[in-house]
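Colleague: Take this structure, written in structure tokens, and hold onto it; I'll ask about it next.
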Amino acid sequence: AEAGGFFYSLLAPPGSAPPGRSSRSVAMTAPAWRPASCLASGAHPLATFPNAYSHSRAPAGPLPRQECPAAGASWSSPLSGSPQQELRRAVREEDWERHYSEGLTEIRMCAEWSAGPERCSLLQWLVHASQARRALEVGSFCGAAALAMAEALPEEGEVRAVELDRYAVDFGRRFWMRSLHGRKIRHSVGGALESLRRVAAEARSGLLQPFDLAVVDADKE
């Protein structure tokens, strides 16, 4: 009680007390007698986080801004998904037929070639189940599956992805480089046979360790 009385004496003039309260009750209720105006005090907790989803309904009537700092806050959409989700969305929205007609891609491509959520989840399960550290993917397209496997691999893991078309590789690179796991992906651009010969040459020279998992999806048709 003595500590509470001292706290109240710092907030109110000497000798003052809330109406209808004894000096003893003042000491017990002093912190609520003069609420602090700082947002961190909890007076307006939602104003500290204007995008809090619990603040879903506007005030019943207009309030002065100084009385309701959160009243002027506007809702904004939540953060976008992971780089893997963003990549799949971008592939779906891209005009691949136009890219082919303009000569940007070597072959005619379509968004359905990209690995969907179910396939990505399956590949991640295979990585975990086999305790793989190195994975090979032949036919990577934009790298959605490669990124999914990279996310499941240990920190020292690596995905070697083989893809025919450089445009598709560069398109996907913008997204999987945003991921902390993008550094695990290494691409070989070119035909599958030529690329695999280079991989085999690296393995024979000791520059490449064996792969624990191989995914062949080169013929999309």
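Using full-length UniProt numbering, the first residue of the sequence shown is number 1, and each one after it goes up by one.
Here a beta-carbon is modelled for each residue, glycine too, at the ideal position from N, C-alpha and C.
If you're wondering where the values come from, they're calculated on a predicted model, not measured in any experiment.
In chain order, what residues of the same chain lie with their CB nearer than 8 Å to the CB of Arg186, ignoring the 5 residues before and after it?
Modeller: Once the five neighbours on either side are set aside, the close Cβ partners of Arg186 are Glu158, Val159, Arg160 and Ala161.
Colleague: Kindly list the residues whose CB is nearer than 6 Å to the CB of Ala144, restricted to its own chain and excluding five residues on each side of it in sequence; keep chain order.
Modeller: Excluding positions up to five away in sequence, the list reads Leu87, Arg88, Ser114 and Ala115.
Colleague: Cutting at 6 Å between CB atoms, please list the residues of its own chain near Met149, excluding the five before and the five after it.
Modeller: Closer than 6 Å at Cβ, skipping near neighbours: Leu123, Val127, Ala135 and Val159.
Colleague: So is Met109 in contact with chain C if we call contact Cβ pairs under 8 Å?
Modeller: In the displayed structure, chain C is absent; only one protein chain is listed.
Colleague: Mark Pro210 as exposed unless 16 or more other C-beta atoms lie within 10 angstroms of its C-beta, in which case mark it buried.
Modeller: Result: exposed.
Colleague: Which of helix, strand or coil does DSSP assign to Glu156?
Modeller: Note: Glu156 maps to coil in three-state DSSP.
Colleague: According to DSSP, simplified to helix, strand and coil, what is Ala148?
Modeller: The answer is helix: DSSP assigns Ala148 an H, G or I state.
Colleague: Is the separation between the beta-carbon of Gly190 and that of Leu164 shorter than 8 Å?
Modeller: Going by C-beta atoms, Gly190 is nearer than 8 Å to Leu164.
Colleague: Can you give me the C-alpha to C-alpha distance between His181 and Cys142, rounded to a whole angstrom?
Modeller: Their Cα atoms are separated by approximately 15 Å.
Colleague: Quick check on the burial criterion: 16 or more other C-beta atoms within 10 angstroms. Buried or exposed for Trp176?
Modeller: Buried, because 16 or more other Cβ atoms sit within 10 Å of the Cβ of Trp176.
Colleague: Compare the Cα-Cα distances from Asp170 to each of Leu196, Ala192, Ser140 and Glu155 and report the closest residue.
Modeller: Measuring from the Cα of Asp170, the nearest candidate turns out to be Ser140.
Colleague: Determine the direct distance from the alpha carbon of Ser130 to that of Pro154, and round the result to whole angstroms.
Modeller: Near 12 Å, if we compare the C-alpha coordinates of Ser130 and Pro154.
Colleague: Opposite Ala203 in the DSSP bridges: which residues?
Modeller: None, per the DSSP bridge assignment.
Colleague: Can you tell me which of the three DSSP states Ser130 falls into?
Modeller: Three-state result, Ser130: helix.
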